[in-house]
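Going by the numbering used here, the residue at position 223 of the sequence shown is 782; the numbering climbs one at a time, nothing skipped. Just so you know, even glycine gets a beta-carbon here, dropped at the ideal spot from N, CA and C. Computed from a prediction, not measured in an experiment: that's the story for all the values here.
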Amino acid sequence: MICKSDIIPFTRENISIMRIYVESITAIQAFVLAAERRSFKHAGQAMGLTPSAIGKAIQKLEEQLAVQLFHRSTRSIAITEEGALFLDRCRRILGEIEAAQAEVTNARAAPHGRLKIALPVEPTLLLPAITAFNEAYPTIQLDLDINDRFVDVIDEGFDAVIRSGAPIDSRLRHRKLGDFGWSFVASPDYIERSGRPENLSDLANHACLRQRLAQTGRLMPWPAPTSGEVPVAEATITATMMEPLLELATRGRGIAYLPDFAVRTSVEDGRLIEVLNGATMETGALHILWPASYYPLPKVRVFVDFMSTYVARRLSESSRPDRGGGYKGQS
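What follows is the structure, encoded as structure tokens:
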């Protein structure tokens, strides 16, 4: 129960204190965004303010602290050592504020709103997961960016992304969704026509369907019998996404090297055959990442939890039973 003595009177002095508090929080938000996006302009776009307003807010904050938070030049800003220390504390402060707001405003409300997500092009694992999530949370509007490029989560305003590989951005929180293995696959028609490779060296005599990494333009390395990459046959086809490689393999155009979860259905229904079983023990990992600055909103939190459970189960189901064994030399 709230007593009269608990209520803060709206005196001129208290209103002035509240104004100072709000201005300080705004300045802290401006500082954190400028530090994360390395730009007053981009911080201003996120807050609906001009770069000049962001600069003035941070300058006033520096005067209050009596320290320089950024090194400034005409083209860029760089955080100082003192600024980096202050940044960590500011993230915690904003996290606590947003957590308090979330508890008050969302205590009884179902997760809702627009959720901007980046996904790799992978129809057999992630799109079914997205479909299941949409059925479970129809009040969340999904804005999907599906491609294999390496998106900048913060600068491009994503709520979460799913990608393979180890997370390297300190501005992001992450959770591992699961591990997956890789398999060499070809269609029965291709094997009948071109023969079955007995070892990795035999791939030099086959049509190899290779993935070209979009960010570097280089071919994704394949396991090699000794050192270096496996020689590629002259008739090879390359693509920047896995989906066309999977389709080309099922149409008998060559041998592809793809994640187990991507080929599982095609292997089970007989459209593809695994070759060189046990030739590689390579594994990858899928992670979900989201901005670390603030307390996760309910829509982000339920998405992370749902995908963690769903994708982990599907990855476990698609893992090969012989994944723990050694290279058998032939299939």
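Inter-residue Cα distance where the pair is residue i and residue j
i: A815; j: L805; result: 7 angstroms
i: D707; j: V626; result: 42 angstroms
i: V870; j: V863; result: 10 angstroms
i: E876; j: E751; result: 29 angstroms
i: H765; j: G813; result: 7 angstroms
i: Y580; j: I587; result: Confidence at Y580 is low in this model, with a pLDDT of 48, below 50, so the placement of that residue is unreliable and no value is reported for it.
i: N836; j: Y696; result: 40 angstroms
i: T639; j: H630; result: 6 angstroms
i: A669; j: E641; result: 41 angstroms
i: W849; j: R873; result: 22 angstroms
i: A605; j: A589; result: 9 angstroms
i: I574; j: R648; result: Its pLDDT being 37, under 50, I574 is placed unreliably by the model, and the measurement read from it follows with that caveat. Cα to Cα, the separation comes out at about 26 angstroms.
i: F865; j: S760; result: 42 angstroms
i: A838; j: A745; result: 15 angstroms
i: G672; j: T824; result: 34 angstroms
i: L608; j: S635; result: 18 angstroms
Reduced DSSP secondary structure (H/G/I, E/B, other) of residue i
i: A783; result: coil
i: Q774; result: coil
i: S825; result: helix
i: D728; result: coil
i: L736; result: strand
i: T797; result: strand
i: R634; result: coil
i: I815; result: Note that residue 815 is Ala in the sequence shown, not Ile. A815: strand per DSSP, three-state reduction.
i: Y886; result: Reliability of the predicted coordinates at Y886 is poor, the pLDDT of 31 falling under 50, and the value obtained from them is presented with this limitation in mind. Residue state, collapsed to three classes: coil.
i: I721; result: strand
i: F743; result: strand
i: T868; result: helix
i: A838; result: coil
For residue i, the first and last residue of its enclosing beta strand (DSSP E)
i: R631; result: F629 to R631
i: E833; result: I832 to V834
i: G536; result: The structure shown does not extend to residue 536, since the chain is modelled only from 560 through 890, so no value can be given for it.
i: T842; result: T842 to P850
i: P679; result: Neither: P679 is in no beta strand (DSSP E) and is coded neither H nor E.
i: S760; result: Here S760 belongs to no beta strand (DSSP E), and DSSP marks it neither H nor E.
i: P670; result: Neither: P670 is in no beta strand (DSSP E) and is coded neither H nor E.
i: A766; result: First-last for A766: undefined, no H or E at that position.
i: L701; result: I699 to I705
Expected contact under 8 angstroms - CB spacing of residue i and residue j to nearest Å
i: G740; j: T842; result: 5 angstroms
i: L628; j: I617; result: 6 angstroms
i: L703; j: I689; result: 7 angstroms
i: R769; j: T795; result: 6 angstroms
i: I713; j: R730; result: 5 angstroms
Extent of the continuous alpha helix (DSSP H) to which residue i belongs
i: D748; result: P747 to S753
i: A625; result: Run containing A625: none; DSSP gives neither H nor E here.
i: L685; result: L685 to A695
Closer than 7 angstroms to chain B by CB, residue i
i: V710; result: The structure shown contains no chain B, having only a single protein chain.
Item to check | Contact the region 596-605 vs the region 645-662: 3+ CB pairs below 8 angstroms | outcome: Under the Cβ criterion (8 angstroms, minimum of three pairs), the region 596-605 does not count as touching the region 645-662.
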